[in-house]
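Visitor: In terms of the working numbering, the sequence shown opens at residue 200 and continues consecutively.
Even for Gly, the Cβ is constructed at its ideal location relative to N, Cα and C.
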Amino acid sequence: MAPVTPRTAFPKVLIERDSDSEQSSSEEEEEKLDEEEEEEEVGVSTANEKTEKLELGSDANRKGKAPITISLKKVCKVCKKPGHEAGFKGAAYIDCPMKPCFLCKMPGHTTLTCPHRVSTEHGVVPAPRRKACKPLEYVFERQLRPSLPSIKPKYVIPDQVNCAVIRYHSRRITCLEFHPTKNNILLSGDKKGQLGVWDFGKVYEKVVYGNIHSCLVNNMRFNPTNDCMVYSASSDGTISCTDLETGISSSPLNLNPDGWQGPNTWKMLNGLDINSEKGLVLVADSFGFLHMVDIRSNNRSGDAILIHKKGKVVGIHCNPIQPDIFLTCGNDHFARIWDLRQIEAGSSLYDLKHTRVVNSAYFSPISGTKILTTSQDNRLRVWDSIFGNVDSPSREIVHSHDFNRHLTPFKAEWDPKDPSESLAVVGRYISENYNGAALHPIDFIDTSTGQLVAEVMDPNITTISPVNKLHPRDDILATGSSRSLFIWKPKEKSELVEEKDEQKIVVCGKAEKKRGKKNGNISDESDDEGFMSKSKKSKSKKTEWKLSRCTTKDNR
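#1: If I follow the unbroken alpha helix (DSSP H) through residue 274, where does it start and stop?
#2: Look at residue 416 and residue 388 and say whether their C-beta atoms are less than 7 angstroms apart.
#3: Please confirm whether residue 506 and residue 527 have their CB atoms less than 7 angstroms apart.
#4: Taking only three categories from DSSP, how would you classify residue 639?
#5: May I ask you to verify whether the segment 612 to 631 touches the segment 646 to 659, counting CB pairs closer than 8 angstroms and requiring at least 3?
#6: Where residue 319 and residue 549 are concerned, what is the direct C-alpha to C-alpha distance, given to the nearest angstrom?
#7: Tell me whether residue 772 sits in a helix, a strand or coil according to DSSP, three-state version.
#8: For a cutoff of 7 angstroms on Cβ pairs, would you count residue 435 as touching chain D?
#9: Looking only at its own chain, which residues have a Cβ that is under 6 angstroms from the Cβ of residue 601, when we skip the five neighbours before and after it?
#10: Three-state secondary structure (DSSP) at residue 541?
#11: Grab me the residues of residue 462's own chain with a C-beta within less than 6 angstroms of its C-beta, minus the 5 sequence neighbours each way, in chain order.
#12: Give me the Cα-Cα distance between residue 275 and residue 439, rounded to the nearest whole angstrom.
#13: For the candidate residues 683, 691, 690, whose alpha-carbon lies nearest to that of residue 386?
#14: Have a look at residue 369 and residue 300 and give me their C-alpha separation to the nearest angstrom.
#15: What is the rounded straight-line gap between the Cα of residue 302 and the Cα of residue 668?
#16: Terminal residues of the continuous alpha helix (DSSP H) containing residue 519?
#17: Along the chain, where does the beta strand (DSSP E) containing residue 594 start, and where does it finish?
#18: Could you name the residues that DSSP lists as bridge partners for residue 359?
#19: Under 6 angstroms Cβ to Cβ from residue 614, same chain only, skipping five residues before and after it: list those, please.
#20: Count the other C-beta atoms from every protein chain shown that fall within 10 angstroms of the C-beta of residue 502, then say buried if there are 16 or more, exposed otherwise.
#21: Look up residue 374 in the DSSP assignment and give the residues it is bridged to.
#22: DSSP three-state label for residue 725, please.
#23: Kindly indicate which three-state DSSP category residue 316 falls into: helix, strand or coil?
#24: So is residue 534 buried or exposed if we call it buried at 16+ other beta carbons inside 10 Å?
Here it is in structure tokens:
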């Protein structure tokens, strides 16, 4: 005979909700009809109270069960206090009255009335540059300054989507890299550790290698002596050297050979760059150490060096003129300049202080004398000369990019083709209302003045675009938004191309159903469902995309 389990009583449930909350007319009629029955059986107490409490389960009192309270009150997501709400309502951001402006972090106004939102150059005053009596300053004035144009050329902005691959990756895209010699080849890494190779000139020619890493691909760089080989750094603690023709990869560096031993010992690799003169791959981990790999032997070179004491190093960039000088940034709120020829712990040449985490730091692409950093305090900081006064930045530009939960961190990057070294591109977090749609544009900013040169957007792209890469030779912008890739070109050039060949948008895979989310987590697998539905419902006449589904399978 099967054992009989004792019957357990259901505990008391208290449901609290605002008395001012809106109710439908049908619900009000039902409450009026059943008011007496509910008061007798459930015990509803509503007199002289702001909230209603419905008590279910009378057996809970006899069994001594603790009541379960379910609150339906409106609570602010920012300060966790009732009585008001904060966050996005459509395209508008509503500030919490207990907090300063969400954009500039200053009190006295809201995000909607913030002067930095109206004009990005508001408050941008170039800092006075002090002449430093150093040999490097004279070298710059004599050798490098004549190569920079005295008159700023006209900017060419890629402002129209030319082609795209929808749901190309199985997780959100984390990094992009253009091929150094083939103009139409774009590499992309994702959160799952996959590496995608896409020929956007032929649209359908694409491949995704799924056996490169086991988790997040944080950075990629091509081998300077062999453009078929690419190095990638991942959060699984490995560097992979991948042959793009065969998809075969090797791992010259593995910081976790024993596997998972707990979060206190697991090392992740984030920042990566290559010193082309010495043939070294420079990579930094989540504990602040710098590691080096020899390209010729594909083996580790030297011992790890502590370069950031607190937290992980998220970025490394070698100077384009003198690769031995490199720049690092991390979670310790500093960007640091180092000399590889005399590097040791605490031997940084300069320490550039920030108020919050630094997402990225880059030298200017031609002369290598300017520095552009992106920090989570909603500031882009520019240093006009590394030979002058670097105690404070030449200017700070307020820009919305401080949100990186469930998103790849925003990183402002130079335009490698701009001879004046002043144009930068960065995605925006705060959405704007464009013809009734909440869109997150991509901003082109003049770092010499702080002015917003252009903001590009497409009514079909409703997701946030944190990953952006400008082509080193052509007027092309590549964007990674959620799991999709987009190629932007100037409107005039795009129209010429469309006359010869139809604009193509390749759709890969199927939209997966949304999973249950805990604590508000956002699933990467359903981010692009809104894109497809919006593109079908879009009434824009300027941008009419012709969707063509791809039936070929990705090579693994």
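Guide: Reading from the atomic positions:
#1: Here residue 274 refers to the residue found at position 75 of the sequence shown. Here residue 274 belongs to no alpha helix (DSSP H), and DSSP marks it neither H nor E.
#2: The sequence position of residue 416 within the sequence shown is 217, counting from 1. The sequence position of residue 388 within the sequence shown is 189, counting from 1. Yes, the pair counts as a contact, with Cβ atoms nearer than the cut-off.
#3: Within the sequence shown, numbered from 1, the residue matching residue 506 stands at position 307. Within the sequence shown, numbered from 1, the residue matching residue 527 stands at position 328. Contact: yes.
#4: Numbered from its first residue, the sequence shown carries residue 639 at position 440. Here residue 639 sits in coil by DSSP.
#5: yes
#6: Along the sequence shown, one-based indexing puts residue 319 at 120. Along the sequence shown, one-based indexing puts residue 549 at 350. Near 28 angstroms, if we compare the C-alpha coordinates of residue 549 and residue 319.
#7: Residue 772 is absent from the model: the chain starts at 200 and stops at 755.
#8: Absent from the structure is chain D; it holds one protein chain and no more.
#9: Position 402 of the sequence shown, counted from the first residue, corresponds to residue 601. 575, 577.
#10: As a position in the sequence shown, residue 541 is number 342, starting the count at 1. Residue 541 falls in the helix class under three-state DSSP.
#11: The sequence position of residue 462 within the sequence shown is 263, counting from 1. Nothing meets the Cβ criterion.
#12: Along the sequence shown, read from residue 1 onward, the residue named residue 275 stands at position 76. Along the sequence shown, read from residue 1 onward, the residue named residue 439 stands at position 240. C-alpha separation (whole angstroms): 45 angstroms.
#13: Residue mapping note: residue 386 aligns to position 187 of the sequence shown, counting from 1. Measuring from the Cα of residue 386, the nearest candidate turns out to be 683.
#14: The residue given as residue 369 occupies position 170 in the sequence shown. The residue given as residue 300 occupies position 101 in the sequence shown. Taking the straight line joining both Cα atoms gives about 36 angstroms.
#15: Within the sequence shown, residue 302 is the residue found at index 103, counting from 1. Within the sequence shown, residue 668 is the residue found at index 469, counting from 1. Answer to the nearest angstrom: the Cα atoms are 24 angstroms apart.
#16: If you number the sequence shown from 1, residue 519 lands on position 320. Element bounds for residue 519: n/a, residue is neither H nor E.
#17: Working through the sequence shown from its first residue, we reach residue 594 at position 395. First-last of the beta strand (DSSP E) with residue 594: 594 to 597.
#18: The residue you call residue 359 lines up with position 160 of the sequence shown. Its beta-bridge partners are 688.
#19: By one-based count along the sequence shown, residue 614 stands at place 415. Cβ neighbours of residue 614 beyond the five flanking positions: 622, 669.
#20: Position 303 of the sequence shown, counted from the start, is the residue given in the question as residue 502. Result: exposed.
#21: The residue given as residue 374 occupies position 175 in the sequence shown. Its beta-bridge partners are 388.
#22: To locate residue 725, count along the sequence shown from 1; it is residue 526. Low local confidence applies: a pLDDT of 47 at residue 725 is under 50, so the model's placement there is unreliable, with the coordinate-based value given in what follows. Note: residue 725 maps to helix in three-state DSSP.
#23: Here residue 316 refers to the residue found at position 117 of the sequence shown. Three-state result, residue 316: helix.
#24: In the sequence shown, residue 534 corresponds to position 335, counting from 1. It counts as buried.
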